[in-house]
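Trainee: Please see the structure below; I have some questions.
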Amino acid sequence: MSSALLYAGAGMGLLLVGVWALVLRAHLLRKVLAINVMGSGAFLLLVGAGAMGGGPVDPVPQAMVITGIVVSISATALALALVLRIAYATGKAALPEDRERDLMDREGR
Amino acid sequence: MSSASRPPGEPGLLLRAVLALLLLAAAAGVALALVAGQVAPGLSGAVAAALPDSGASNPVTAVLLNFRGYDTLLEMAVLTAAVVGVWSLGPAPRIRETEPSPVLLGMNSVLIPLAPLICAYLLWAGSSRPGGAFQAGAVLAAAGVLFIISGRRPAVHLPAAPMSWGIVAGLGVFLAVALAVMPGGRELLEYPRGLAGALILLVETAATVSIALILAGLFIGGRPEDEP
Amino acid sequence: MSTWLAALPWMVLAIAIPLLGALAAFVQPRRAQVIGLSFSFLTAGAAVGVVLDFITLGPQQHAVGGWGAPLGIDLVADGLSILMLGMSAVVGVAVSIYARAYFVPYPDKAPRFWPLWLFLWAALNALFQSADVFNLYVTLELMGLSAVALVALTGSGPALWGAMRYLLVSLLGSLAYLVGVALLYHAYGTVDLTLLAERADGGLQLAVPLGAMIAGLLLKTGLFPFHVWLPPAHGSARAPVSALLSGLVVKASFYLVLRLWFTFVPEGEGLPLLLGCLGAAAIFWGSIQALRQKRLKLLVAYSTVAQLGYLFIAFPLAGLEPQMAWSGSIYLALSHAFAKGAMFLAAGAIMTQGGHDEIDELDLVVDRMPLTLAAFALAGISLAGLPPSGGFVGKWLLLESAMAQGKGIWAAIIIVGGLLTATYVFRVLGFAFTRSEHHHERHEVPAAMEWTALLLALGAVLLGFVAPWALPLLDGVLP
Amino acid sequence: MNPGLLFDAVLVTVLLWVAWAALASRDLFRGIVLFIAFGLVLSMGWVRLGAPDVALAEAAIGAGIAGALLLATWARLPGKTEERPGDDLEGQERDHEQR
Chain B
0 MSSALLYAGA GMGLLLVGVW ALVLRAHLLR KVLAINVMGS GAFLLLVGAG AMGGGPVDPV
60 PQAMVITGIV VSISATALAL ALVLRIAYAT GKAALPEDRE RDLMDREGR
Chain D
0 MSSASRPPGE PGLLLRAVLA LLLLAAAAGV ALALVAGQVA PGLSGAVAAA LPDSGASNPV
60 TAVLLNFRGY DTLLEMAVLT AAVVGVWSLG PAPRIRETEP SPVLLGMNSV LIPLAPLICA
120 YLLWAGSSRP GGAFQAGAVL AAAGVLFIIS GRRPAVHLPA APMSWGIVAG LGVFLAVALA
180 VMPGGRELLE YPRGLAGALI LLVETAATVS IALILAGLFI GGRPEDEP
Chain E
0 MSTWLAALPW MVLAIAIPLL GALAAFVQPR RAQVIGLSFS FLTAGAAVGV VLDFITLGPQ
60 QHAVGGWGAP LGIDLVADGL SILMLGMSAV VGVAVSIYAR AYFVPYPDKA PRFWPLWLFL
120 WAALNALFQS ADVFNLYVTL ELMGLSAVAL VALTGSGPAL WGAMRYLLVS LLGSLAYLVG
180 VALLYHAYGT VDLTLLAERA DGGLQLAVPL GAMIAGLLLK TGLFPFHVWL PPAHGSARAP
240 VSALLSGLVV KASFYLVLRL WFTFVPEGEG LPLLLGCLGA AAIFWGSIQA LRQKRLKLLV
300 AYSTVAQLGY LFIAFPLAGL EPQMAWSGSI YLALSHAFAK GAMFLAAGAI MTQGGHDEID
360 ELDLVVDRMP LTLAAFALAG ISLAGLPPSG GFVGKWLLLE SAMAQGKGIW AAIIIVGGLL
420 TATYVFRVLG FAFTRSEHHH ERHEVPAAME WTALLLALGA VLLGFVAPWA LPLLDGVLP
Chain Y
0 MNPGLLFDAV LVTVLLWVAW AALASRDLFR GIVLFIAFGL VLSMGWVRLG APDVALAEAA
60 IGAGIAGALL LATWARLPGK TEERPGDDLE GQERDHEQR
């Protein structure tokens with residue numbers, strides 16, 4: 000078992016946790032957090048799986064991850080701006096199918 | 000409320016079970032694909048071989064701004080499109096002026112002047128050591144964010160026009176360089192021999208300024224008020 | 000004079016021009032309409048340049064940075080790419096002309112629409128030409144973010160919800176795709192499609208990443224049962240935006256599914272059958288929902304769900320007759336882009352005229368807007384697959400392929416789906432010819448809006464006539 | 000087991016735990032703070048993977064900018080009560096205005 004495999008596995012774990020929360024948590028901010036955790040998981044998988052062969056550190060997946068991090072902050076910023084507009088327009092930071100739910104956090108309403 | 004154990008609208012046991020099964024299956028698939036079969040050697044050798052011609056001695060910078068510079072170009076487009084999208088949602092929500100805490104003000108008086116220095120170092124170091132445009136831009140933006148939330152600023156009347164020119168400068172300069180090298184039978188982004196280092200620095204500097212402005216613009220959360 | 004024109008790098012310009020246009024329209028918001036429209040024409044011109052290059056010189060390749068795969072990123076324009084580029088150019092120009100007239104009453108929206116639409120167009124052109132799976136991820140994200148922002152442009156609660164759900168689904172799909180990219184790089188040490196095709200040797204190491212990527216793309220395409228995000232997003236967007244989303248954006252992720260499929264040619268019967276069944280389910284579910292809608296734009300959006308189903312019928316039919324089945328599917332995608340674009344543009348014109356889009360309150364709209372109604376009817380003819388439209392050619396190829404293999408069940412699905420389509424189109428036309436009891440406001444509709452819808456719908460019909468020239472372009476692309 | 004691998008194992012465990020806690024906690028503010036911590040732990044992981052450039056980007060953008068954006072959004076959410084957790088942390092964003 001190598002460190003690279005360990006980190007790739009952790010990436011997979013983060014993806015699972017992220018999807019779980021994305022589907023089950025109602026508050027839109029939480030869904031944005033979930034997407035970000037998933038993104039980090041995919042990036043870990045990219046670098047970790049790429050490094051499993053050993054040898055010198057491969058810069059290509061690293062550059063891809065930096066690209067990915069910037070793409071992900073762009074998406075996060077747009078998502079957060081949307082969350083805020085939804086909260087202002089409808090009074091609740093949730094999608095219509097989740098509006099009946101207790102948002103399970105103190106800042107829900 | 001139908002039952003005490005499950006509030007209305009709360010996802011049921013069936014959904015959770017199906018989701019868990021799907022996720023476990025996906026995880027098993029990925030795990031098998033990871034451990035089964037060969038692991039390819041990757042591209043570190045190819046990058047090392049081409050590094051002397053790339054105009055940067057940090058391999059990651061070489062990949063980001065030369066070998067796979069086209070990815071970075073489109074990534075700048077994504078970042079710019081995000082701020083265009085955020086601005087399109089409406090004017091920025093106003094931030095209420097409050098008396099900032101003395102701790103924050105004290106911290107800021109050290110951090111804000113320091114940020115451009117760190118930024119310049121990261122930008123300069125990027126070609127040979129870890130660092131580069133994105134990290135440097137983020138540090139500069141962080142200083143801007145501290146400035147915005149510290150309340151020690153002239154009223155939030157951000158002039159839209161210079162800000163939007165600054166926002167597009169990164170992608171604009173990158174595109175201009177990418178296209179300007181083409182005459183003479185070269186491909187998009189194919190830097191002429193010997194000019195790669197200088198052009199990369201030019202692109203990175205413009206990108207740093209834009210990234211800082213874009214990240215700060217994203218933080219404001221909407222378009223400046225004088226923007227039509 | 001044509002020598003220097005022919006020497007221009009059209010593939011690159013088709014991506015660079017819309018990007019420059021987006022920047023220009025953003026920094027000059029007061030002149031966004033003029034800038035946007037001019038750059039739309041230039042972008043379409045560049046796409047035509049790529050198509051002409053292909054016709055005269057064959058498939059084109061461009062090694063960005065001069066490195067070439069695997070170190071660099073390659074752009075490739077083959078027959079499939081140029082059909083998609085051409086489709087985007089025609090629909091894009093029509094929507095741009097329409098949008099210029101449409102946004103005149105909304106001076107606050109116009110400067111927002113143009114940069115986002117040009118970013119979206121750049122992403123589409125980049126996506127159709129990229130031969131690098133990671134680069135494709137970046138183009139997918141550029142496309143997704145600008146499309147989401149365009150939906151949110153409407154500004155109302157439902158549109159914001161639609162945009163948010165669309166964003167989450169789109170990001171989830173991209174991440175699934177990215178997992179596939181990571182596993183491909185792990186196993187084969189490259190992200191270039193051509194090299195991957197050479198190195199991929201089947202087995203789990205190919206099946207798992209391919210499964211992840213296709214699943215993510217199906218989510219973005221909105222194939223049943225992943226369609227739930229689609230009608231709210233497409234139905235609540237501004238009319239030109241709906242036309243772009245239904246006409247072009249969903250085609251981009253479908254194109255990518257095809258590209259991966261043609262590159263790796265997965266073995267086995269299970270997955271194609273599953274995709275075909277989902278397609279059939281989409282046809283029935285989407286059509287029935289379309290029949291039940293009260294609002295015209297939602298009807299058209301559910302029709303997209305149904306028509307996307309048709310595109311996947313080719314998968315179970317491609318085993319023995321790949322050429323015919325794939326040609327049918329691709330041709331359906333093209334004609335759907337024209338027809339659905341025209342339908343949304345027509346729906347937008349009707350909405351502008353009457354201030355609403357309730358189907359049973361259309362109130363003799365045919366008297367006031369004969370051109371728009373003609374556009375809707377012509378687009379409906381293509382959607383239902385009636386001759387001589389492009390939709391007819393596509394469905395005919397699928398039918399013939401099904402009959403040649405004795406797979407009558409798929410033929411039956413195609414025919415029943417066509418009847419359902421005709422039913423909901425005629426339902427709209429019926430109300431357009433009857434008088435309503437209620438009084439409605441009436442507004443002037445710019446002629447440019449009516450004519451672009453009509454011309455685009457005519458394009459969908461004319462596609463049926465150009466099929467003998469268009470289909471051979473796919474030679475060498477299909478497996 | 001060599002010490003490097005042991006360290007990695009601990010780091011990965013902490014990473015997964017922080018991620019889970021950030022997504023599962025009842026309190027949204029706590030979730031965001033944990034998410035920022037997650038970014039910092041992750042950037043340590045990038046250093047361990049031999050990717051210092053990524054570590055810098057993760058710390059600056061993934062934890063720093065994303066954290067600031069999340070906190071700002073959270074602070075601007077409408078309909079908040081006065082006694083919210085961590086009132087003294089982000090004292091500047093105390094705008095309860097509704098648009």
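Protein chains in written order, with numbering that gives the first Met the number 0: chain B, 0 to 108; chain D, 0 to 227; chain E, 0 to 478; chain Y, 0 to 98.
Glycine is no exception: its CB is placed at the ideal position from the N, C-alpha and C atoms.
On a predicted model such as this, the values are computed, not experimentally measured, just so you know.
Less than 9 Å between CB atoms is the rule here; does L14 of chain Y satisfy it with respect to chain B?
Mentor: Numbered from 1 along the fourth sequence, position 15 holds the residue referred to as residue 14 of chain Y. Closer than 9 Å: yes.
Trainee: Check for me: the alpha helix (DSSP H) holding I34 of chain E runs from which residue to which?
Mentor: Residue 34 of chain E sits at position 35 when you count from the first residue of the third sequence. Looking at the DSSP string, the run of the alpha helix (DSSP H) that includes I34 of chain E is A31 to L56.
Trainee: Can you give me the Cβ contacts of V248 of chain E inside the same chain, cut-off strictly under 7 Å, excluding the 5 residues immediately before and after it?
Mentor: Translated into the one-based positions of the third sequence, residue 248 of chain E becomes position 249. The residues are M142 and A146.
Trainee: Who are the Cβ neighbours of A154 of chain D in its own chain at under 7 Å, not counting the five residues just before and after it?
Mentor: Here residue 154 of chain D corresponds to residue number 155 of the second sequence, with the count starting at 1. Reliability fails at A154 of chain D, whose pLDDT of 48 lies under 50, so the model's placement of it is uncertain and no value is given.
Trainee: I'd like the list of long-range same chain contacts for P387 of chain E, defined as Cβ closer than 8 Å, with 5 residues on each side in sequence excluded.
Mentor: By 1-based counting over the third sequence, the position of residue 387 of chain E is 388. Once the five neighbours on either side are set aside, the close Cβ partners of P387 of chain E are V460, G463 and F464.
Trainee: So, for V256 of chain E: in the same chain, excluding its five sequence neighbours on each side, which residues have a beta-carbon less than 8 Å away from its beta-carbon?
Mentor: Numbered from 1 along the third sequence, position 257 holds the residue referred to as residue 256 of chain E. Closer than 8 Å at the Cβ level, and outside the excluded window around V256 of chain E, lie I213, L216, L217 and T220.
Trainee: When you compare only the Cα positions, how much space is there between Y101 of chain E and L19 of chain E?
Mentor: In the third sequence, residue 101 of chain E corresponds to position 102, counting from 1. In the third sequence, residue 19 of chain E corresponds to position 20, counting from 1. Rounded to whole angstroms, Y101 of chain E to L19 of chain E spans 23 Å at the Cα level.
Trainee: Which stretch, first to last residue, makes up the alpha helix (DSSP H) that contains H185 of chain E?
Mentor: For the purposes of this step, residue 185 of chain E is taken as the residue at position 186 of the third sequence. Here the alpha helix (DSSP H) through H185 of chain E covers G156 to Y187.
Trainee: Since A98 of chain E and A46 of chain E are thought to touch, with beta carbons under 8 Å apart, how far apart are those beta carbons, to the nearest angstrom?
Mentor: Taking the first residue of the third sequence as position 1, residue 98 of chain E is located at position 99. Taking the first residue of the third sequence as position 1, residue 46 of chain E is located at position 47. About 18 Å; that fails the 8 Å criterion.
Trainee: By how many angstroms is the C-alpha of G285 of chain E removed from the C-alpha of A346 of chain E?
Mentor: In the third sequence, residue 346 of chain E corresponds to position 347, counting from 1. In the third sequence, residue 285 of chain E corresponds to position 286, counting from 1. Going by the C-alpha atoms only, they are around 18 Å apart.
Trainee: Counting contacts by CB-CB distance shorter than 9 Å, is R185 of chain D in contact with chain E?
Mentor: On the second sequence, residue 185 of chain D is found 186 positions in, with the first residue counted as 1. By this cut-off, R185 of chain D is an interface position.
Trainee: Is there a Cβ of chain B sitting closer than 9 Å to that of H185 of chain E, yes or no?
Mentor: Position 186 of the third sequence, counted from the first residue, corresponds to residue 185 of chain E. Yes, because at least one Cβ of chain B sits closer than 9 Å to the Cβ of H185 of chain E.
Trainee: Return the chain-ordered list of same chain residues with a C-beta closer than 8 Å to the C-beta of G65 of chain E, the five sequence neighbours on each side being excluded.
Mentor: For the purposes of this step, residue 65 of chain E is identified with residue 66 of the third sequence, where counting begins at 1. Once the five neighbours on either side are set aside, the close Cβ partners of G65 of chain E are G71.
Trainee: Is it the case that the stretch 110-119 of chain E contacts the stretch 283-303 of chain E, given that we only count it when at least three CB pairs across the two stretches are under 8 Å?
Mentor: In short, these stretches do not touch, since the Cβ pair count stays below three.
Trainee: Pull up the distance between the alpha-carbon of G379 of chain E and that of A47 of chain D, whole angstroms please.
Mentor: The residue labelled residue 379 of chain E in the question sits at position 380 within the third sequence. The residue labelled residue 47 of chain D in the question sits at position 48 within the second sequence. When rounded, the distance between both Cα atoms is 58 Å.
Trainee: Output the boundary residues of the beta strand (DSSP E) element that contains V75 of chain E.
Mentor: Translated into positions along the third sequence, residue 75 of chain E becomes position 76. Its beta strand (DSSP E) spans residues I72 to A76.
Trainee: Pick helix, strand or coil for S435 of chain E, following the three-state DSSP scheme.
Mentor: Reading the third sequence from its first residue, position 436 is the one you call residue 435 of chain E. Here S435 of chain E sits in coil by DSSP.
Trainee: Who are the neighbours of G131 of chain D on chain Y, taking C-beta pairs under 9 Å?
Mentor: Residue 131 of chain D sits at position 132 when you count from the first residue of the second sequence. Residues of chain Y passing the Cβ test: D52, L55 and A56.
Trainee: Of all the options E:V415, E:R441 and E:M86, which has the alpha carbon lying nearest to the alpha carbon of Y254 of chain E?
Mentor: What you label residue 254 of chain E is simply residue 255 of the third sequence in a count that begins at 1. Of the candidates E:V415, E:R441 and E:M86, the one whose C-alpha sits nearest the C-alpha of Y254 of chain E is E:M86.
Trainee: Sort out for me which residues DSSP pairs R229 of chain D with in a bridge.
Mentor: Here chain D has residues from 0 to 227 only, and residue 229 of chain D is not among them.
Trainee: In this structure, how does DSSP classify E96 of chain B when only helix, strand and coil are distinguished?
Mentor: Your numbering for residue 96 of chain B matches position 97 in the first sequence. In the structure shown, E96 of chain B sits in a helix (DSSP, three-state: H, G or I).
Trainee: Kindly list the residues whose CB is nearer than 6 Å to the CB of G136 of chain D, restricted to its own chain and excluding five residues on each side of it in sequence; keep chain order.
Mentor: Here the question's residue 136 of chain D lines up with position 137 in the second sequence. Answer for G136 of chain D: T207, I210 and A211, listed in chain order.
Trainee: May I have a chain-ordered list of the alpha helix (DSSP H) segments no shorter than 4 residues that lie completely inside the stretch 24-91 of chain B?
Mentor: You should have 27-49 and 58-89.
Trainee: Indicate the three-state DSSP secondary structure (helix, strand or coil) for S42 of chain Y in the structure shown.
Mentor: Residue numbering aside, residue 42 of chain Y sits at position 43 when the fourth sequence is read from its first letter. It is helical.
Trainee: My guess is that G384 of chain E and F391 of chain E are in contact by the Cβ rule of under 8 Å, so how many angstroms apart are they, rounded?
Mentor: Within the third sequence, numbered from 1, the residue matching residue 384 of chain E stands at position 385. Within the third sequence, numbered from 1, the residue matching residue 391 of chain E stands at position 392. So it is a contact: roughly 5 Å between Cβ atoms.
Trainee: Ignoring anything shorter than 4 residues or poking outside the stretch 291-354 of chain E, list the alpha helix (DSSP H) runs there in chain order.
Mentor: Complete alpha helix (DSSP H) runs here, min 4: 295-311, 313-316 and 321-353.
Trainee: Chain D beta carbons: is any one of them nearer than 9 Å to that of A67 of chain Y?
Mentor: Against the fourth sequence, residue 67 of chain Y aligns to sequence position 68. It does: the Cβ of A67 of chain Y has a partner Cβ on chain D nearer than 9 Å.
Trainee: Could you tell me the alpha carbon to alpha carbon distance between L121 of chain D and A332 of chain E, rounded to whole angstroms?
Mentor: Taking the first residue of the second sequence as 1, we reach residue 121 of chain D at position 122. Taking the first residue of the third sequence as 1, we reach residue 332 of chain E at position 333. So the alpha carbons of these two residues sit roughly 48 Å apart.
Trainee: Between the stretch 11-30 of chain B and chain D, which residues of the former have CB atoms less than 9 Å from a CB of the latter, in chain order?
Mentor: Result list: M11, G12, L14, L15, V18, W19, V22, L23 and A25.
Trainee: Please list the residues of the stretch 43-67 of chain D that have a C-beta atom closer than 8 Å to any C-beta atom in chain E, keeping them in chain order.
Mentor: If the cut-off is 8 Å between Cβ atoms, the stretch 43-67 of chain D has A45, V46, A49, N65, F66 and R67 near chain E.
Trainee: For a test of the three-state rule: what should DSSP assign to G475 of chain E, helix, strand or coil?
Mentor: Against the third sequence, residue 475 of chain E aligns to sequence position 476. In the structure shown, G475 of chain E sits in coil (DSSP, three-state: anything other than H, G, I, E or B).
Trainee: Are the Cβ atoms of L43 of chain B and L13 of chain B separated by less than 9 Å?
Mentor: Residue 43 of chain B sits at position 44 when you count from the first residue of the first sequence. Residue 13 of chain B sits at position 14 when you count from the first residue of the first sequence. Closer than 9 Å, so yes.
Trainee: Any beta carbon from chain Y within less than 9 Å of L121 of chain D's own beta carbon?
Mentor: The residue labelled residue 121 of chain D in the question sits at position 122 within the second sequence. It does; some Cβ of chain Y falls within 9 Å.
Trainee: So is F218 of chain D in contact with chain Y if we call contact Cβ pairs under 9 Å?
Mentor: Looking up residue 218 of chain D in the second sequence gives position 219. Answer yes: the Cβ-Cβ gap between F218 of chain D and chain Y drops below 9 Å somewhere.
Trainee: If we ignore side chains and look at the alpha-carbon of each, how far apart do F25 of chain E and T422 of chain E end up?
Mentor: Taking the third sequence and counting its residues from 1, the one referred to as residue 25 of chain E is at position 26. Taking the third sequence and counting its residues from 1, the one referred to as residue 422 of chain E is at position 423. One C-alpha to the other measures close to 44 Å.
Trainee: Taking C-beta to C-beta, are G47 of chain B and A80 of chain B nearer than 9 Å?
Mentor: Locating residue 47 of chain B in the first sequence gives position 48, where the first residue counts as 1. Locating residue 80 of chain B in the first sequence gives position 81, where the first residue counts as 1. The answer is no: Cβ separation not under 9 Å.
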